[in-house]
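Student: This is the structure I want to talk about, given as structure tokens.
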Amino acid sequence: MNTADNGNPDYGTVLQNQGPDWRTMISDVLNDPEIARFHKKAPNTVFDVSLGRPSWFKPRTEPLNGSKSKKGPARISLGPSAFESREMLFTVLGHELIHASHYESGSFARWAEEFEFAQNGVLYAHYISESFAYKWSSPYVRKYSLENRVSGYDAYHYNLKRLPKNFHFIQ
Ligand SMILES: [Zn+2]
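Structural data, given as structure tokens:
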């Protein structure tokens, strides 16, 4: 089923539909006020769900227009691991929607441009975006005991250490 062009931004391209009721799980989590506030900032996000992906497939967010230095909506790709539990989907979707909001709002493109002088603009923008995303998701990784399933505080500190020196980030 391909719903990418039918005006439904919520589900986007669906490559496969098998296994648990992922559609119900996604709408349940998107309706959670804690997640809805991120979705509101990235309303045109396309969700690419494939439960046929390998279990090691990492959830990811990429700009739909293919350019990380141009403002625009994003695609969130999820594999089977994201649907292991409601807590897992909550943590993963919140994290990825923060990235999506950075692309759709133009923040990511702005950071990439701002730090272009270092010839590393997109890389710095990645560290900034990850710092915000992990700042939100790391406490949930701990709260839900997902340390063996997804990255948490280690990844947060890895990205924090790599922020541009003159970037003001409140930890
Ligand atoms: Zn991330």
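If you want the numbering used here, it's the position in the sequence shown, counting the first as 1, plus 218.
For every residue, glycine included, the Cβ atom is placed at its ideal position computed from N, Cα and C.
Because the structure is a prediction, the values reported are computed rather than measured.
How long is the line joining the alpha carbons of residue 321 and residue 273, rounded to whole angstroms?
Tutor: Residue mapping note: residue 321 aligns to position 103 of the sequence shown, counting from 1. Residue mapping note: residue 273 aligns to position 55 of the sequence shown, counting from 1. Cα-Cα distance, rounded: 26 angstroms.
Student: Quick one: Cα of residue 326 to Cα of residue 384, how far?
Tutor: For the purposes of this step, residue 326 is taken as residue 108 along the sequence shown, with counting starting at 1. For the purposes of this step, residue 384 is taken as residue 166 along the sequence shown, with counting starting at 1. Taking the straight line from one Cα to the other gives about 16 angstroms.
Student: Cutting at 6 angstroms between CB atoms, please list the residues of its own chain near residue 313, excluding the five before and the five after it.
Tutor: Counted from its first residue, the sequence shown places residue 313 at position 95. Hits under 6 angstroms: 351 and 355.
Student: Considering only heavy atoms of ligand 1 and the C-beta of each residue, which residues fall inside 6 angstroms, strictly closer?
Tutor: Those residues, listed in chain order, are 313, 317, 348 and 351.
Student: Taking buried to mean at least 16 other C-beta atoms within 10 Å of its own C-beta, is residue 277 buried or exposed?
Tutor: As a working mapping, residue 277 is identified with position 59 in the sequence shown. By the neighbour-count rule (16 or more Cβ atoms within 10 Å), residue 277 is buried.
Student: Please go through the same chain and pick out, in chain order, the residues whose beta-carbon is closer than 6 angstroms to the beta-carbon of residue 382, but skip the five residues on each side of it.
Tutor: The residue labelled residue 382 in the question sits at position 164 within the sequence shown. Within the same chain, residue 382 has close Cβ partners 333 and 342.
Student: Taking the alpha carbon of residue 365 as the point to measure from, which residue in 306, 294 and 380 has its own alpha carbon closest?
Tutor: On the sequence shown, position 147 is the one that residue 365 refers to. Among 306, 294 and 380, the Cα nearest to that of residue 365 belongs to 306.
Student: Ordered along the chain, which non-local residues of its own chain (more than five positions away) have a Cβ less than 8 angstroms from that of residue 331?
Tutor: As a working note, residue 331 is residue 113 in the sequence shown. Here the set comprises 287 and 339.
Student: On the criterion of 16 or more Cβ atoms from any shown chain inside 10 Å, does residue 254 qualify as buried, or is it exposed?
Tutor: Sequence index remark: in the sequence shown, residue 254 carries index 36 (1-based). It counts as exposed.
Student: Mapping the DSSP letters down to three states, classify residue 401 as helix, strand or coil.
Tutor: What the structure shows of the chain is the stretch from 219 to 389, and residue 401 is not part of that stretch, so it cannot be assessed.
Student: Could you pull out every residue in the same chain whose Cβ sits closer than 8 angstroms to the Cβ of residue 260, ignoring the five residues on either side in sequence?
Tutor: Taking the sequence shown and counting its residues from 1, the one referred to as residue 260 is at position 42. Counting only Cβ-Cβ distances below 8 angstroms, and skipping sequence neighbours, we find 291, 292, 315, 318, 319, 321, 322 and 323.
Student: Do the CB positions of residue 347 and residue 378 come within less than 7 angstroms of each other?
Tutor: The residue you call residue 347 lines up with position 129 of the sequence shown. The residue you call residue 378 lines up with position 160 of the sequence shown. Contact: no.
Student: Could you check where the beta strand (DSSP E) with residue 365 kicks off and where it finishes?
Tutor: Indexing the sequence shown from 1 puts residue 365 at position 147. Note, residue 365: premise wrong, no beta strand (DSSP E); not H, not E.
Student: Can you list, in chain order, the residues of its chain with a C-beta nearer than 8 angstroms to that of residue 243? Leave out the 5 residues immediately preceding and following it.
Tutor: Within the sequence shown, residue 243 is the residue found at index 25, counting from 1. Result list for residue 243: 301, 304 and 307, in chain order.
Student: According to DSSP, which residues form a beta bridge with residue 322?
Tutor: Taking the sequence shown and counting its residues from 1, the one referred to as residue 322 is at position 104. None, per the DSSP bridge assignment.
Student: Cβ atoms of residue 266 and residue 295: under 7 angstroms apart, would you say?
Tutor: As a working mapping, residue 295 is identified with position 77 in the sequence shown. As a working mapping, residue 266 is identified with position 48 in the sequence shown. Going by C-beta atoms, residue 295 is nearer than 7 angstroms to residue 266.
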